Structure formats: C-alpha cells, structure tokens
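Undergrad: I'd like to ask you about the structure that follows.
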Amino acid sequence: MFERHIHALLLDELQHNPAVALLGPRQVGKTTLALEAARFRPSVYLDLESERDRAKLAQPELYLAGHLDKLVILDEVHRTPELFPVLRGVIDQARRQKQRSGLYLLLGSASLDLLKQSGESLAGRIAYLELGPLLLSETGTEQQDKLWLRGGFPESMLAPSDARSLRWRQNFIRAYLERDIPLFAPRIAADTLRRFWTMLAHAQGSLLNVAQLARNLGVDAKTAHAYLDLLCALLLVRRLPPWHSNAGKRLVKSSKVYVRDSGVVHALLDIENIDGLLSHMVVGASWEGFVIENLLAHAAPNAQGFFYRTSAGAEIDLLLHWPDGTLWAIEIKRSLAPKLERGFHIACEDLKPLRKLVIYPGHEAIPLAADITALPLAAACAALARMA
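With my numbering applied, the sequence shown corresponds to residues 1326 to 1713, in that order.
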C-alpha cells in the first residue's frame, strides 16, 4: 500500500552484505517490506513465532546450508538467539563458495537482544536498518493531519474511522504490554509499565527527569531507568541527546524524551480525533515529536540529531550535525504565522549553523529573515533526503 522510504536502501544493503537486520516495532510493516524486497529473487520466509517454521530449523546448519542459493528471511529472529552462531558459520561457508551477499534478511521487533547477539556473532557480516512508522513522504502531504493524529502504523493509518484507529492503537499498546514486554523483561508488571508509558506521553518533548518519574510511579530511580531503557530498546521511545560541544556555555545536560509515534501518544492520552488533539495541552509537544521523527528518518544515516539549550535560555529544538561538521538549526512551530523567540537567535550566534529552518504546518516556504526560512514539513524532509 505504501512505498517505504528505505526500500531502495534495503535492496542496496542486500547487494553488498551477507546479512541485513531490519529492526522496528511490531506491526510497522517489516514483513511486508521484506517480502517486497524478495519479490524478484529466489527466497524462503520463516516466521520464528510459528512452531511449524521453528521445526524446520531443528537442525539449522543443514537447513540453512541447503538454501544458500536463496535469500532466507527470518522473522522475529530475536526469539531464537541460538541461531546467530550458526548463521556466522554458514555465512563463512558461503563466502568460501564466492557467495558474499544477499543471504539473510533478519527481522526483529526489538533492538536489545538482536543487536547484542548479532554484534557478538556477525561482526563484519551484517548491516542494520531501522524501519519506523510511516513518514509523511510515504503517505502524501494531503494526509499530514491524519498521519499526525493516527500515527504511522499502517493498520492505524488505514482504519476506516478515527474511532477504529484509536481502538487499534489501544489494542496494540495492550498487546505490547501483555505479550512482548514479558518476553524481554518478565519481571516488569504490565500495569506499572503502562502508567510509566502514559507519564512519558504527558511529558512529551520535555527534559527527562527520571527521579520525578520514579517518585510519581512509586519506584526507585534505578527501576525507572530500566523501564525507560526497555521502551527505548523496543524502539517505542526516543531520548534526544543535548548538544555538548560548546565551551564557555552552561548547557543543559539532560536528554529530551519523546514517545516516537504520535498516534501512540494520542492513544495513551485517549485523544480520538483532530478536534480533541487541537484542544489538548500536548498539541505542541505532539507536533514537535511528529516533526522530529520525520526529519531524523530522512536525515539518517548521515546526520545525528541533538537539541541545544543553555541555562540562559538559548534554545534550538533540533540540531542536525552532519559528517563534515556543519550544523542545521531547526525550530518547530505549530503556528501558521511562526515567530522566533530571542533564544533561537542567541543559540544560532553561539553555534553558527550553516542553515536555519523553521518547520510549520503551512504549505509554502516563507522567508522570515535573510538567512531563516519557514518550510512545510514535506519540503524539509525532501531537503534532508537530498543531503543524506
């Protein structure tokens, strides 16, 4: 249904690596993208949540060695970490036979176990890609408010009504808490983690204060950190780090925290429709998180994202650091007539960014100053994609 932004990159990585790991939350479209990538080549698909498919790997060396002429897609591969040493041996065997690319496509719903196991066993043999929820460039600019409200999970986006979309996301959250979380952290109570996740939605875009979250939740700070680490590893929450390389300024050192999918934010806060969203206190922070996820997806993998804030009030919502050392300063506004605060100008004087942009929900580029342009989100994403 949707042409995914990283489709071409996935095909390129398969051309040049024996194994590619495609990571992303559940229901984000990894299997659909993997099958599309395999459509024009011999392939075999194994769902490792299926008893039948796991039975095929009872003797994995024999099975995998018998399919070296195909792309083997292993879905939910983090459920069988014992496969990784086997994959290493089979890949090395294939290399000796001059088969050096396009052997395995590994799909995982979480980064923690998959990255750990593949990092130990497949170093130098694997490339990593992350597939997030749908982006504005994938749905079309005419769908911007719908995508912002419902989020980028395809089933949520394609639901016949806002009410059905909200129900899908609520079921998605419940399934994660009751089915997936226990797989990675069996000692965490689902109700406690849901309250923590909801607190993060209320704190969308704010400075991370784990001690305050812990007090509100009635747990110690170490436990709250573990909850946050888990949600980040499941690719559901983002910690946006502060910029740290500016001698002589007192910089904020705490990260900012975002629930990565705007639709999940709204489901956690029980926001059903656009009217409810526009009248909710989270509206500005939700828009900011939505914009940041789209921009970072298009800037990756070449640019790193930060925010900048000093104790004196200088601030930039998103600071992109490119490999050549140049910086882009990006301010995010929900207004159709965006105005910049003094803190943004002071921050730009501190950092001397190459480009200064304001992202706003309008439909045309507006010059705000000689070196500052307000851009629609779609235009900014296109500019970043050209840079990446």
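Here a beta-carbon is modelled for each residue, glycine too, at the ideal position from N, C-alpha and C.
Computed from a predicted model, the values in this text were never measured in an experiment.
Count the other CB atoms, across all protein chains shown, that sit within 10 Å of the CB of F1365; report buried if there are 16 or more and exposed otherwise.
TA: Counting Cβ neighbours within 10 Å, F1365 comes out exposed, since fewer than 16 surround it.
Undergrad: So M1524 and A1624 are in contact, right, with Cβ under 8 Å, and what is the actual spacing, rounded?
TA: No, M1524 and A1624 are not in contact; Cβ-Cβ is about 29 Å, not under 8 Å.
Undergrad: When the distance is taken between beta carbons, is Y1429 closer than 8 Å to L1456?
TA: Not closer than 8 Å, so no.
Undergrad: For a test of the three-state rule: what should DSSP assign to I1691, helix, strand or coil?
TA: In this structure, I1691 counts as strand in the three-state DSSP scheme.
Undergrad: Assign E1328 to one of three DSSP states: helix, strand, or coil.
TA: In the structure shown, E1328 sits in coil (DSSP, three-state: anything other than H, G, I, E or B).
Undergrad: Quick one: using the 10 Å Cβ neighbour count with 16 as the cut-off for buried, is K1664 buried or exposed?
TA: When all chains shown are included, K1664 counts as exposed.
Undergrad: Compute the beta-carbon to beta-carbon distance between R1299 and L1561, rounded to the nearest angstrom, for a pair I have assumed lies under 8 Å.
TA: Nothing about residue 1299 can be read from this structure; the chain reaches only from 1326 to 1713.
Undergrad: Measure the CB-CB distance between V1683 and E1656 and report whether it falls below 8 Å.
TA: Taking 8 Å as the Cβ cut-off, V1683 and E1656 qualify as a contacting pair.
Undergrad: Output needed for A1484: all residues of its chain with C-beta closer than 6 Å, excluding positions within five of it in sequence on either side, in chain order.
TA: S1490, W1493, listed in sequence order.
Undergrad: Any idea what DSSP makes of S1587, helix, strand or coil?
TA: Looking at S1587 - three-state DSSP - the assignment turns out to be helix.
Undergrad: Near H1392, what residues of its chain come up, given a Cβ to Cβ distance below 8 Å and the 5 sequence neighbours on each side ignored?
TA: If we look at H1392 and ignore the five residues flanking it on each side, its Cβ neighbours are V1369.
Undergrad: Are there 16 or more other CB atoms within 10 angstroms of the CB of E1328, so buried, or fewer, so exposed?
TA: E1328 should be labelled exposed.
Undergrad: Check S1481 in the structure and name its three-state DSSP category.
TA: Three-state DSSP puts S1481 in a helix.
Undergrad: When the distance is taken between beta carbons, is L1644 closer than 8 Å to F1632?
TA: In contact: F1632 and L1644 (Cβ atoms closer than 8 Å).
Undergrad: Using the rule of at least 16 other Cβ atoms within 10 Å of the residue's Cβ for burial, across every protein chain shown, is H1330 buried or exposed?
TA: Counting Cβ neighbours within 10 Å, H1330 comes out buried, since at least 16 surround it.
Undergrad: Going by C-alpha to C-alpha distance, which of V1582, H1569, L1565, A1514 sits closest to V1535?
TA: The residue with the shortest Cα to Cα distance from V1535 is V1582.
Undergrad: Check whether the region 1506-1522 and the region 1349-1363 touch, using three or more Cβ-Cβ pairs below 8 Å as the test.
TA: Touching, no, given that fewer than three Cβ pairs across the two stretches are closer than 8 Å.
Undergrad: Since Y1552 contacts L1594 with CB under 8 Å, what's their CB separation in whole angstroms?
TA: That belief does not hold up - the Cβ atoms of Y1552 and L1594 are roughly 18 Å apart, past 8 Å.
Undergrad: Just list the residues that DSSP pairs K1658 with in beta bridges.
TA: In the DSSP output, where bridge partners are listed per residue, K1658 has none listed.
Undergrad: Which of the three DSSP states, helix, strand or coil, is assigned to W1653?
TA: Strand, per DSSP.
Undergrad: Could you check where the alpha helix (DSSP H) with Y1313 kicks off and where it finishes?
TA: This structure gives no information on residue 1313, because the portion of the chain shown stretches from 1326 to 1713.
Undergrad: Sort out for me which residues DSSP pairs P1567 with in a bridge.
TA: Looking at the DSSP assignment, P1567 forms a beta bridge with F1632.
Undergrad: Taking the C-alpha atoms as reference points, what is the distance between R1667 and S1570?
TA: Spanning the two alpha carbons is a distance of roughly 21 Å.
Undergrad: Would you give the residue range spanned by the alpha helix (DSSP H) that S1490 belongs to?
TA: Segment 1487-1500, the alpha helix (DSSP H) holding S1490.
Undergrad: For I1684, list the residues DSSP reports as bridge partners.
TA: BP columns for I1684 point to I1657, L1700.
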